[in-house]
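Here's the structure, in structure tokens; my notes come after.
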Amino acid sequence: MSNPKILVERDGDVMIVRLNDPSTLNSVTTDMGDAIREALEEASKSCRAVMLAGGERGFCSGANLSGGRDFDDPNLDVGASLEGHYNPLMMTVRNLPIPLVSAVRGPAAGVGASLALCADLIVAGDTSYFLEAFARIGLVPDGGATWLLTRAIGRPRAMEMMMLAEKIPAEKALEWGLINRVVPDAKVEEEAMALAQRLAKGPSSLGLIRRAGWIAAEAEFKEALATERAYQREAGLSPDFKEGVTAFREKRPAKFGG
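If you're matching positions, the sequence shown starts at 103 in the working numbering and goes up one per residue.
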């Protein structure tokens with residue numbers, strides 16, 4: 103990677119993408135966002151699953167707000183970085199053809215919360231928390247947060263997170279249905295990697311399941327039914343389907359090629 107604040111490594115068929123700026127608790131710059139997008143695009147070509155992680159003290163504290171801004175400029179456009187950098191990153195995540203697992207320790211705030219919560223499976227440490235702090239500085243949630251939160255936990259709880267801008271501890275996030283697992287902080291990456299490795303050994307239809315799930319969240323019921331029908335045909339033509347049925351009949355674990 104050309105950006106030292108994003109580390110990429112591979113463990114078998116799983117690519118690990120790690121935010122690496124501990125001095126700022128991994129606050130994201132536009133350059134870092136572009137590097138994450140580049141890493142995910144590469145993973146989609148050569149791996150079968152991705153684990154997205156931060157550091158021991160924090161997953162991501164949000165967008166980096168350092169740097170001079172002329173708040174008296176009548177043409178100031180704080181949303182420009184969304185259009186040019188963060189929105190393309192989030193669309194890359196949304197369109198990823200392989201499973202994504204996030205490993206959250208410490209804070210996941212702002213766009214960092216969006217990155218964590220758009221994963222297919224979200225593993226959080228017992229002292230971690232999620233925070234939509236935008237209202238504290240007079241901005242609106244971004245990184246797809248308004249969409250992600252309302253669909254995951256419903257409008258009233260999403261409004262509570264966004265308007266009150268209070269920390270949501272991991273246990274409450276689990277209770278609300280915002281995340282999948284809460285484990286001791288020291289076990290977060292171990293648990294997330296175990297899930298990622300399990301998904302990496304799964305059938306190629308996991309990519310179709312992921313795509314269908316996103317479409318269903320965005321679509322009417324009739325469209326979701328049509329999507330399932332089309333993807334079922336595609337999955338049924340894959341070697342993994344033949345292997346899965348054969349393994350089921352032979353009463354043995356399937357060996358999927360992905």
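All C-beta atoms, glycine included, are put in the ideal place defined by N, C-alpha and C.
Excluding residues up to 5 positions away in sequence, nothing lies with its Cβ nearer than 7 Å to the Cβ of W249 in the same chain. Collapsing the DSSP output to three states places V290 in a helix. D174 carries a coil assignment under DSSP once its states are collapsed to helix, strand and coil. For the 8 Å CB-CB criterion, F236 and A267 form a contact.
Ranked by how close their Cα comes to the Cα of V116, the residues E291, V285, F350 have E291 in first place. Around the beta carbon of S168, fewer than 16 other beta carbons lie within 10 angstroms, which makes this residue exposed. For G227, the pairing in a beta bridge is given by DSSP as V285. Residue range 108-113 is occupied by the beta strand (DSSP E) that includes I108. In the displayed model, A211 falls within a strand according to three-state DSSP. Burial state of V347 is exposed, judged by a 10 Å Cβ sphere holding fewer than 16 other Cβ atoms.
Considered as a whole, the segment 242-327 harbours 247-255, 257-266, 272-278, 290-302, 307-320 as its complete alpha helix (DSSP H) runs of no fewer than 4 residues, in chain order. For I239, there is no enclosing alpha helix (DSSP H), as DSSP gives it neither H nor E.
In the pairwise beta carbon analysis, the segment 203-214 is classified as not touching the segment 320-336: fewer than three pairs are separated by under 8 Å.
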